[in-house]
Amino acid sequence: MEMVKLYIENWLYPARDYAWLCEIGLYLALIALVNLFFKRAVGRYQHRVHLQENDWRLHLDYVFFAPVRALLWIFFALFAINLATSRLGHLGAWFDDQAVRNASIIGCAMWMLLRWKTVFQQTLTARRSTGKSVLDPHSIQIMGKIFSFVVLFTGLLIVLRIFGLDMMPLMAFGGIGAAAAGIASKDVIANFFGGLVIHLTRPFTVNELIEMPEKKIVGHIEAIGWYFTMLRDLQKRPTWIPNAAFSTDVMINQSRVTHRRIDEIISIRFEDASRASALIEKIRADLALRKEIDHSQPVYIFVDALAASTIDIHLTAYTHNTPYENFIKIKQEVLLKAYELLRQEGADLAVRTIK
Numbered sequence: 000m001e002m003v004k005l006y007i008e009n010w011l012y013p014a015r016d017y018a019w020l021c022e023i024g025l026y027l028a029l030i031a032l033v034n035l036f037f038k039r040a041v042g043r044y045q046h047r048v049h050l051q052e053n054d055w056r057l058h059l060d061y062v063f064f065a066p067v068r069a070l071l072w073i074f075f076a077l078f079a080i081n082l083a084t085s086r087l088g089h090l091g092a093w094f095d096d097q098a099v100r101n102a103s104i105i106g107c108a109m110w111m112l113l114r115w116k117t118v119f120q121q122t123l124t125a126r127r128s129t130g131k132s133v134l135d136p137h138s139i140q141i142m143g144k145i146f147s148f149v150v151l152f153t154g155l156l157i158v159l160r161i162f163g164l165d166m167m168p169l170m171a172f173g174g175i176g177a178a179a180a181g182i183a184s185k186d187v188i189a190n191f192f193g194g195l196v197i198h199l200t201r202p203f204t205v206n207e208l209i210e211m212p213e214k215k216i217v218g219h220i221e222a223i224g225w226y227f228t229m230l231r232d233l234q235k236r237p238t239w240i241p242n243a244a245f246s247t248d249v250m251i252n253q254s255r256v257t258h259r260r261i262d263e264i265i266s267i268r269f270e271d272a273s274r275a276s277a278l279i280e281k282i283r284a285d286l287a288l289r290k291e292i293d294h295s296q297p298v299y300i301f302v303d304a305l306a307a308s309t310i311d312i313h314l315t316a317y318t319h320n321t322p323y324e325n326f327i328k329i330k331q332e333v334l335l336k337a338y339e340l341l342r343q344e345g346a347d348l349a350v351r352t353i354k
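Take 0 as the starting number for the sequence shown in numbering that gives the first Met the number 0 and just add one per residue.
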């Protein structure tokens, strides 16, 4: 019996030196079980709450699986390294597994937040297409960029702090460098902040028609960048405008006007002076019947001037229809009707004398 016991101990003793390999195997199996449990738990939650297609919670697997899996594998690698080095005696003094573990947790949390941001943006865009969201795609995009910047910047500061880096000298050096870079590239910074102001205040959005009278530019906005805003003018030429220009020059957003004004001069002959009053009353009565004219706004029809060879009747009215093509059509109808009424009165348009 003693011989058998001695034989078993002699056979098992060399295997004790490799028991840590079994520990690594058990840890690996535990990771596989945790991963399987987490996946099934998320699947059951999604099935239980009956999520709709445009609900961001439907994509929880995309948000969590890859970061959690990466974190588990990092923990496994740290465990294996610690176990192996403690058995083999080659642990370097430079290796701080606790700092690496904490930094990995912060990094994977940042990864989850950025993935959640992507899913949330897609959800808001889908709801926008069905009319369930009040946010436009431009606002969703700028909110996503600001969120990404905050997450990355905050995460970077925390990771640097974990590894024991003093942030005060780094921030002081960064402030000096930023001041030098700002002096050297003030135009770039001005355009960048101009783009930020455009994103925040939204004086115009994509597809809107704007006019810059000082630069004699009129066109539809096609893209709003951080440095340039691209529009296509009325001759269909692409035009890139530095964003800083919108902070210094006057800009008119033609797409947001509430009315368009008909402002015309009708010149009749001097010999038709006796018919002017009747003609004005008939034109005023015609405008009063038109639904396209906003009668809460001033409607002026009066003799404006006695010119060298004409009597000038000034016609001013405001239309509800702000699209330019509709406005032109209404203006055409008003002017043609005015000429018809003028002919009915036996009057005619005057021929101006050019001196």
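Even for Gly, the Cβ is constructed at its ideal location relative to N, Cα and C.
By a C-beta neighbour count over all protein chains shown, 10 Å radius and 16 as the cutoff for buried, is residue i buried or exposed?
{"i": "residue 259", "result": "buried"}
{"i": "residue 62", "result": "buried"}
{"i": "residue 183", "result": "Note that residue 183 scores a pLDDT of 49, beneath 50, so its modelled location is shaky; the value from the coordinates is reported in the next line. Residue 183 comes out exposed."}
{"i": "residue 81", "result": "exposed"}
{"i": "residue 333", "result": "buried"}
{"i": "residue 277", "result": "exposed"}
{"i": "residue 194", "result": "buried"}
{"i": "residue 35", "result": "exposed"}
{"i": "residue 335", "result": "exposed"}
{"i": "residue 203", "result": "buried"}
{"i": "residue 190", "result": "buried"}
{"i": "residue 234", "result": "exposed"}
{"i": "residue 102", "result": "buried"}
{"i": "residue 245", "result": "buried"}
{"i": "residue 345", "result": "exposed"}
{"i": "residue 220", "result": "buried"}
Which residue comes first and which comes last in the alpha helix (DSSP H) that contains residue i?
{"i": "residue 342", "result": "323-343"}
{"i": "residue 228", "result": "Segment 227-232 is the beta strand (DSSP E) holding residue 228; no alpha helix (DSSP H) there."}
{"i": "residue 247", "result": "244-247"}
Contact check, residue i vs residue j under 8 angstroms by CB: the rounded distance?
{"i": "residue 300", "j": "residue 275", "result": "Not a contact, Cβ separation roughly 11 angstroms."}
{"i": "residue 266", "j": "residue 310", "result": "7 angstroms"}
{"i": "residue 316", "j": "residue 279", "result": "13 angstroms between Cβ atoms; not a contact."}
{"i": "residue 291", "j": "residue 318", "result": "5 angstroms"}
{"i": "residue 349", "j": "residue 268", "result": "4 angstroms"}
{"i": "residue 105", "j": "residue 158", "result": "6 angstroms"}
{"i": "residue 298", "j": "residue 286", "result": "6 angstroms"}
With respect to the beta strand (DSSP E) encompassing residue i, which residues constitute its N-terminal and C-terminal limits?
{"i": "residue 238", "result": "237-241"}
What do you reckon, is the C-beta of residue i under 8 angstroms from a heavy atom of the ligand PLP?
{"i": "residue 288", "result": "Although the ligand PLP was asked about, the structure shown includes no ligands whatsoever."}
### Task
Entirely within the segment 179-222 and at least 3 residues each: give me those beta strand (DSSP E) ranges in chain order.
As far as the segment 179-222 is concerned, its whole beta strand (DSSP E) runs of at least 3 residues are 208-211.
#### Entry: alpha helix (DSSP H) runs contained entirely in the segment 262-318, provided each spans 4 or more residues
275-287
### Query
How do the segment 239-249 and the segment 222-229 stand: do at least 3 beta-carbon pairs fall below 8 angstroms, yes or no?
yes
### Message
For the structure I just gave you, are there three or more beta carbon pairs, one from the segment 251-271 and one from the segment 199-216, closer than 8 angstroms?
### Response
yes
### Contact between the segment 142-149 and the segment 98-107 (3+ Cβ pairs under 8 angstroms)
no
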